[in-house]
Every structure is written in C-alpha cells, then in structure tokens.
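The block underneath contains the structure these notes are about, expressed in structure tokens.
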Amino acid sequence: MITIKDYAIPTNLDEAYEILQNRRNNVVLGGCSFLRMGSKNINTAIDLSKLHLDFINETDNTIEIGAMTTFRTLETSPILQNNFSGILSKCVKDIVGVQFRNNVTLGATVYSKYGFSDLISALLALDVKVCLHRGGIVPLDTFLENKYEKDILTKIIISKDSSKCYFTSMRNSHSDYAILNVALSNEDSKWKIVVGARPMKAQIANRASLYLSQNELNDYTIEYACELACEELVFGSNLRASKEYRKEICKVLIERGIREVIGWK
Ligand SMILES: Cc1cc2nc3c(=O)[nH]c(=O)nc-3n(C[C@H](O)[C@H](O)[C@H](O)COP(=O)(O)OP(=O)(O)OC[C@H]3O[C@@H](n4cnc5c(N)ncnc54)[C@H](O)[C@@H]3O)c2cc1C
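When we follow this note's numbering, the leftmost residue of the sequence shown carries the number 14, and every step to the right adds one.
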C-alpha cells in the first residue's frame, strides 16, 4: 500500500517540476495503476491533470502525444489507427482490460522504461523523441539508455512517414505480461527490428536491421536476419519463460513480421 502525505495539483509545469525537486520522495502521478502496486511513502503526490497533457495532435510532419494520454485513447485514436499500420493502437489493445487502459498513461510508461512494456517496443520501431520538462528533447533510444534523472515527461513527438509496421506480442495467458514482443518498421527498404520483454527493456537489433536493409529479401536473407537478431540481443529467464524459449520464439515472431510487412505470408 502507498501512503501519501500531501497532494498538489499544479497549474503549470514549472510549479510541478519545482514541487518534484523539493523532496526526494515527492512523486508525479500518472494513472497510478503501477504506483498503487508498490509500498512507497510519498511526501507530496503531484497530480498533472490540470496541465493539459492529454492530447494527440497531428501536423503535416509529426504526431505529438501528451504524457497524460491514456492507453484507451491510443487504442481508439483514428490518427494512430491511420498511421504506422496502426501499431500504436494495436500494441496496447490487449493490455489487461478496457477499464485499466482508461487509466494508465503514456508518460508514466515511457518515463519508467519498463522492460515488459508493449508500447515502448512499438515506439522504438518509429522515429520518436521524448520531451522532458528539464532535460529537453531526446531521441527515445538515447532516453532509454540514459540513467534516470528526476524530471517530468511532457509529451512524445513522432516523425510521420509512410513506413509499414508490425507489432506482435506473445503471452502465456490473456492479461499477463508479454513473454516477448516484437515491433518492425520498413520504409524505403530501411528496416528497424525491435524486441522487448526479453524480459529486459526493448532494444533495436541494429545488426539484423542493417543486414535486412542492405540485402535483397529472399527466404535465406530473411532467415539469416532473424538469426542475427537473436544472436545480438540478450535474453533472460523469469517465471514466465526461459531465455532459451524466448530466443526460439523471437526468430519465429520476427520472421512472421517481416513476411507480413512485405506481403509474403
Ligand atoms: C497489473 C498491471 C498489469 C500490467 N500489464 C502490462 C502489460 O501487459 N503490458 C504493458 O505494456 N504494460 C503493462 N502494465 C504497465 C502499464 O501499462 C503502465 O505502463 C503502468 O501502469 C504505468 O502507468 P500509470 O499511468 O499507471 O503510472 P503510475 O503508476 O501513475 O506511475 C508510474 C511511475 O511513473 C512516474 N510518472 C508518471 N507520470 C510521469 C511523467 N509524466 N513524467 C515522469 N514520471 C512520471 C510516477 O512517478 C511513477 O514512478 C501493467 C501494469 C499493471 C499495474
């Protein structure tokens, strides 16, 4: 159970950031689903709901998504359904249930860099920048590698392109965490292969992505790219699956994805 001593509902980001920095155990609230599972002693809980961070805005070149946007909004957004083969809607649609997705937020998810996250894997296959109130604008892959700084994630910016994308996850049972997830994107022969829930946080398989981008696609090159991805990424075991099992299904899921993207089913 968490305990909260004080509650603040700031009306601008500078104020929210200042409260966050005041004490070590001052904490920003997203949808609170994950926070509630822990046992933190929170001094001041900072509610971001008056900061207008719940939005999905499309321009000619970008899609911006605010930190307080819920998974349900991602799932049902026509903008996201109509871009990137709809993977940002698809990747959240099987997470727990509708009531849960009405609550959990994009900002908390990306900021927390969860290894099991389906959304982070899908985002990593795209060209995404993370906007931090203090830390500025950082590419998502750099943000994921950087060590934690106490900050507020305000929005993400996705560059629009005409890439064909794919997302899939494998679960032992419907509402459980994924034992592996795979996201792919392909634009003008440039491929990105991402694997998450290994169970470590999502990572781009750089060598495999480059190999696929530089070689003509046939049965041999597709299979070799899948092998390369499994060799370059590290897999681990937990109560859901062993690293050996994850590695085996990784090949299968990537191959399915490549074949679906190029229309060779
Ligand atoms: C039971 C359960 C099952 C789940 N299953 C899955 C699953 O199958 N797949 C999946 O991908 N995810 C899953 N998740 C994770 C979920 O999708 C969210 O990623 C997670 O709950 C965090 O979202 P939240 O809004 O609840 O965050 P909160 O609990 O409110 O916050 C989480 C952390 O983020 C910080 N934070 C919140 N907002 C910001 C911000 N804007 N800037 C900086 N820090 C911030 C908080 O201070 C806190 O430390 C599951 C979570 C739970 C509780």
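Where is the CB? At the ideal position from N, CA and C, for every residue including glycine. Please read all numbers here as calculations on a predicted model, not as lab measurements.
Option nearest residue i by Cα separation, candidates the options
i      : options                           : result
Lys18  : Thr57, Val247 and Asn251          : Thr57
Asp164 : Ser102, Gly148, Ser46 and Leu153  : Gly148
Leu61  : Tyr20, Ile133, Asn38 and Arg114   : Tyr20
Arg184 : Asp174, Glu244 and Val195         : Val195
Ala242 : Glu88, Ala215 and Thr118          : Ala215
Met213 : Cys239, Asp174, Lys126 and Val143 : Lys126
Glu268 : Leu225, Leu252 and Glu245         : Leu225
Phe180 : Pro23, Asn231, Gln227 and Lys106  : Lys106
Tyr161 : Leu145, Ser175, Asp174 and Gln227 : Leu145
Lys278 : Glu88, Arg36, Asp73 and Asn231    : Asn231
Tyr124 : Phe97, Glu158, Ser176 and Asn96   : Glu158
Val207 : Leu26, Ser90, Gln227 and Cys239   : Cys239
Asp73  : Asp174, Leu252 and Gly99          : Asp174
Ser186 : Glu245, Arg253, Gly209 and Gln227 : Arg253
Val274 : Gly99, Ile92 and Asp27            : Gly99
Residue i versus residue j - alpha carbon distance
i      : j      : result
Ile32  : Thr167 : 16 Å
Ile150 : Glu229 : 36 Å
Glu71  : Leu153 : 19 Å
Arg220 : Leu101 : 24 Å
Ser222 : Phe156 : 20 Å
Val40  : Gly128 : 21 Å
Tyr233 : Ala138 : 23 Å
Ser255 : Trp204 : 28 Å
Glu236 : Gln94  : 30 Å
Gly276 : Leu66  : 38 Å
Lys142 : Ile76  : 11 Å
Ile271 : Cys104 : 17 Å
Cys178 : Ser130 : 18 Å
Leu42  : Leu48  : 8 Å
Met14  : Ile22  : 22 Å
Asp140 : Ala218 : 15 Å
Gln227 : Ser46  : 43 Å
Glu245 : Asn251 : 20 Å
Gln34  : Leu87  : 30 Å
Glu28  : Arg36  : 14 Å
Leu26  : Ser90  : 26 Å
Opening and closing residue of the beta strand (DSSP E) in which residue i lies
i      : result
Ile275 : Counting along the chain, Ile275 falls outside any beta strand (DSSP E), though it belongs to the alpha helix (DSSP H) covering Lys256 to Ile275.
Asp60  : Asn54 to Asp60
Thr75  : Thr75 to Gly79
Val40  : Val40 to Leu42
Ile235 : Run containing Ile235: none in the beta strand (DSSP E); it sits in the alpha helix (DSSP H), Asp232 to Glu245.
Ala196 : Ala191 to Glu200
Leu153 : No beta strand (DSSP E) contains Leu153, which is instead part of the alpha helix (DSSP H) from Leu153 to Glu158.
Ile165 : No beta strand (DSSP E) holds Ile165; DSSP gives it neither H nor E.
Ser182 : Lys177 to Arg184
Lys142 : Val141 to Leu145
Ile108 : Per DSSP, Ile108 belongs to no beta strand (DSSP E) and is neither H nor E.
Asn70  : Ile69 to Glu71
Assumed close pair residue i, residue j - CB separation to whole angstroms, cut-off 8 Å
i      : j      : result
Thr83  : Gly44  : 7 Å
Thr16  : Ile59  : Not really, about 15 Å apart at Cβ, beyond 8 Å.
Arg211 : Val265 : Rounded, the Cβ-Cβ distance is 15 Å, inconsistent with contact.
Thr118 : Met81  : 5 Å
Phe68  : Gly79  : 4 Å
Asn115 : Arg85  : 5 Å
Ser176 : Phe97  : 6 Å
Lys63  : Thr24  : 5 Å
Extent of the continuous alpha helix (DSSP H) run through residue i
i      : result
Ser226 : Asn219 to Gln227
Lys203 : Here Lys203 belongs to no alpha helix (DSSP H); instead the beta strand (DSSP E) covers Lys203 to Gly209.
Asp19  : Looking at the DSSP string, Asp19 is not in any alpha helix (DSSP H); the run it does join, the beta strand (DSSP E), is Thr16 to Ala21.
Asn35  : Leu26 to Asn35
Ser134 : Asp131 to Leu137
Gly120 : Leu119 to Ser125
- Would you check if the segment 257 to 264 and the segment 169 to 182 touch, i.e. whether three or more CB-CB distances between them fall below 8 Å? No: fewer than three Cβ pairs fall under 8 Å.
- Would you check if the segment 132 to 142 and the segment 188 to 208 touch, i.e. whether three or more CB-CB distances between them fall below 8 Å? yes
- Message: Can you confirm whether the segment 110 to 123 touches the segment 200 to 218 when touching is taken to mean that 3 or more C-beta pairs between the two stretches lie within less than 8 Å?
- Response: no
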